[in-house]
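Single-structure report; data block below.
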Amino acid sequence: MQKLQKQVHALIDTANNIEDTGVASAYDSDFEKMEETLKETKKMLADANISKEDIEEMSKKLALLRKQVISGREKLGAIETRISNVTQAVDFAQKDLEHLQKEADKVTKATIDLEDKASKIKEADVLGAFNITRESGAKSMDAQRRTDAAIGKLAAAENQALRASELLDKNKNDFEKQYLENEAALNEAETLLSSLESYLPRLNEQVCGASSAPCDALCGGPGSCGFCGGQSCMEGAVSKANQAKSFATEADTRLDEKQKEAEEVLAIVRDVLTETSKAKAQAEKAFDVAKNTAQRANASRASLDKISEEIQEFLNAQRSTPEQIRNLAEEVLAKKISLTPDQITDLTGKIRESLAKINNIDEILNETRGNKSIAANLEARAVHANKQAEDLQKAMEEIREGLQLAEQAQNNVTIVLEEIEKMQAQARELIDKGRESTVAVEEKAQNANTTLSELEGVMSGVKVEYLQISESAKNALTTVDAALAAATNAEKKNKQIQSDLERANDLLVKRMEGNVAPQQRAEKLRERAGKLLYQAQRHNDDIDNLSKDSTELRLDDYEQILTDLNARLERVRRDIQEKIDFHSTCG
Numbered sequence: 256m257q258k259l260q261k262q263v264h265a266l267i268d269t270a271n272n273i274e275d276t277g278v279a280s281a282y283d284s285d286f287e288k289m290e291e292t293l294k295e296t297k298k299m300l301a302d303a304n305i306s307k308e309d310i311e312e313m314s315k316k317l318a319l320l321r322k323q324v325i326s327g328r329e330k331l332g333a334i335e336t337r338i339s340n341v342t343q344a345v346d347f348a349q350k351d352l353e354h355l356q357k358e359a360d361k362v363t364k365a366t367i368d369l370e371d372k373a374s375k376i377k378e379a380d381v382l383g384a385f386n387i388t389r390e391s392g393a394k395s396m397d398a399q400r401r402t403d404a405a406i407g408k409l410a411a412a413e414n415q416a417l418r419a420s421e422l423l424d425k426n427k428n429d430f431e432k433q434y435l436e437n438e439a440a441l442n443e444a445e446t447l448l449s450s451l452e453s454y455l456p457r458l459n460e461q462v463c464g465a466s467s468a469p470c471d472a473l474c475g476g477p478g479s480c481g482f483c484g485g486q487s488c489m490e491g492a493v494s495k496a497n498q499a500k501s502f503a504t505e506a507d508t509r510l511d512e513k514q515k516e517a518e519e520v521l522a523i524v525r526d527v528l529t530e531t532s533k534a535k536a537q538a539e540k541a542f543d544v545a546k547n548t549a550q551r552a553n554a555s556r557a558s559l560d561k562i563s564e565e566i567q568e569f570l571n572a573q574r575s576t577p578e579q580i581r582n583l584a585e586e587v588l589a590k591k592i593s594l595t596p597d598q599i600t601d602l603t604g605k606i607r608e609s610l611a612k613i614n615n616i617d618e619i620l621n622e623t624r625g626n627k628s629i630a631a632n633l634e635a636r637a638v639h640a641n642k643q644a645e646d647l648q649k650a651m652e653e654i655r656e657g658l659q660l661a662e663q664a665q666n667n668v669t670i671v672l673e674e675i676e677k678m679q680a681q682a683r684e685l686i687d688k689g690r691e692s693t694v695a696v697e698e699k700a701q702n703a704n705t706t707l708s709e710l711e712g713v714m715s716g717v718k719v720e721y722l723q724i725s726e727s728a729k730n731a732l733t734t735v736d737a738a739l740a741a742a743t744n745a746e747k748k749n750k751q752i753q754s755d756l757e758r759a760n761d762l763l764v765k766r767m768e769g770n771v772a773p774q775q776r777a778e779k780l781r782e783r784a785g786k787l788l789y790q791a792q793r794h795n796d797d798i799d800n801l802s803k804d805s806t807e808l809r810l811d812d813y814e815q816i817l818t819d820l821n822a823r824l825e826r827v828r829r830d831i832q833e834k835i836d837f838h839s840t841c842g
């Protein structure tokens, strides 16, 4: 602008030196165009005129913007710290969930151990012993009624053979041994029968132990001495059956006691399962809350990352820097015109008056050719100044947009900070609740472990007592088997004796006609032998039904109960495993 001013003054001096001879206004249009360009330039400079106060204010705003950006970065750093704290809290909650998962695994292992122990003592499981014993009692009563209804009927030889075959299939080795013993006993019975045939006159002595009639008081008659298996004889079938009955009664009493203990233990286990279910529900609730908190924290983190990217993009954008704007403003301020508009108008009028007095146009044209090029150069520089003013205006608009974006970013950061603070408060509350739930679950797990330990001790005691009962029952079954064998032998011997008695009766009828009293005694002997055989058969059937029905049905019921328990434990284990996998995947 200073150069332009000098050129204008030189042009004025040149015009003043022109002779006043008159000249045509050949350059009027060019000067008018130049004046219009100067007016437009002046107007644009007036529009884009920026004083030092504006620059200082702009510098203050830029400094404030820098402070806000720095504050925003510090807040972002604080937000990152808070996010790290929230992440750490979520990690702590995850660790608590993992601890809860371990406790659940312990409970699952304890349940599996209990299942294994239950499978080991499958035959000794006392959970349904009371019901099974009651059903066995009912079946025993039914068997008693069936037996009472079948009084006077002896079991057919075919049923005995089938039963003997079943017993042989169950205890093959024992029955083979018993078979050999029975065969030897049969041989001995045949020998005895042979001797009876040779000693028929001494039949009373062989039966009662005395040759007199009636029998001695010491014997008490048939069925009451050691020869007939009466109550006074410890080797008889009745005594063995009574002993087996007492063993069964004692076992029933012990089973009742163990049933009560088992019901108490079952109540404890049910309480533990209920508490475990509550703890599981609380853990699921805490996990859902932690999951929602984590999702909200991730959403906040994503929004913060987006805002950070926008701020970074704004800071790294290819725009005019504040230093460039300052330099441009200083340059514009340095380009000032010393003349006022009125002075420029007066100067233009003087130039026109001087040009109107010019006559030698050709000479002037030749002399002012350089001035015309100077004027064109001046016009070009004015256009360039106009362009610079437009660029400056655009830069100011960009600065305003940047300030608006920075203010909007600051507002967004403030909103995000408030949301994060709320989320942190909620996360702290949830973490506190999760910790309280975890403590409660740990206490319940410890109680469950204690209860399981006590249950294990009780089950060990039950197992020992069951072994004792099993030993007693085994002895009773052995005794019953012996009684069955003895009853079978007695039945066979009775049949043989009955046939022998029939033959003997025939012989007696033939040889001892008129001997009514011995005949009546023999008849009574036969009747008492039949009653003895019936009683032995009835007790044999009762014991067999009791042992068979109670044992098989008990095992079937136990197997069904254990199957249901296994299915239930499998469902619980599958649910716990699914929750564990879900926690591990979402954690």
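If you count the sequence shown from 1, position 83 lands on 338 in the numbering used here, and the numbers rise without skipping. Note that beta-carbon positions come from the ideal geometry of N, C-alpha and C, so glycine has one too.
Using only the alpha-carbon positions, how far apart do residue i and residue j sit?
i	j	result
Gln-349	Asp-368	28 angstroms
Glu-329	Glu-312	25 angstroms
Gln-832	Phe-502	47 angstroms
Thr-336	His-354	26 angstroms
Gln-843	Thr-446	Residue 843 falls outside the range modelled here, since the chain spans only 256 to 842, and no answer is possible.
Asp-819	Glu-438	48 angstroms
Ala-522	Ile-338	47 angstroms
Ala-333	Ala-536	36 angstroms
Gln-343	Arg-525	37 angstroms
Asp-507	Lys-515	13 angstroms
Gln-550	Glu-825	33 angstroms
Leu-382	Ala-822	Bear in mind that the predicted position of Leu-382 carries a pLDDT of just 49, short of 50, making it unreliable; the figure below should be weighed with that in mind. Each residue's alpha carbon lies about 16 angstroms from the other.
Thr-359	Lys-513	The amino acid at residue 359 is misidentified as Thr; the sequence shows Ala. If I take the Cα positions, the gap works out to 30 angstroms.
Leu-557	Asn-547	A small fix is needed here, since residue 557 is Ala in this sequence, not Leu. About 15 angstroms.
Ala-504	Ala-517	Looking at the sequence provided, one finds Thr at residue 504 rather than Ala. The straight-line gap from Cα to Cα measures roughly 19 angstroms.
Ile-325	Glu-564	15 angstroms
Arg-509	Lys-540	46 angstroms
Gln-498	Thr-366	41 angstroms
Gln-323	Glu-295	39 angstroms
Asn-442	Glu-436	10 angstroms
Asp-371	Glu-782	56 angstroms
Glu-519	Lys-432	45 angstroms
Leu-528	Phe-347	27 angstroms
Leu-319	Asp-601	47 angstroms
Asp-511	Asp-836	44 angstroms
Gly-327	Ala-554	19 angstroms
Glu-287	Lys-561	57 angstroms
Lys-500	Asn-428	26 angstroms
Relative to the C-alpha of residue i, which candidate in the options has its C-alpha closest?
i	options	result
Val-827	Lys-364, Glu-295, Gln-323 and Phe-347	Lys-364
Val-544	Glu-825, Leu-319, Glu-436 and Leu-352	Leu-352
Asp-830	Gln-356, Gln-323 and Ile-325	Gln-356
Glu-530	Val-362, Gln-323, Glu-295 and Glu-518	Val-362
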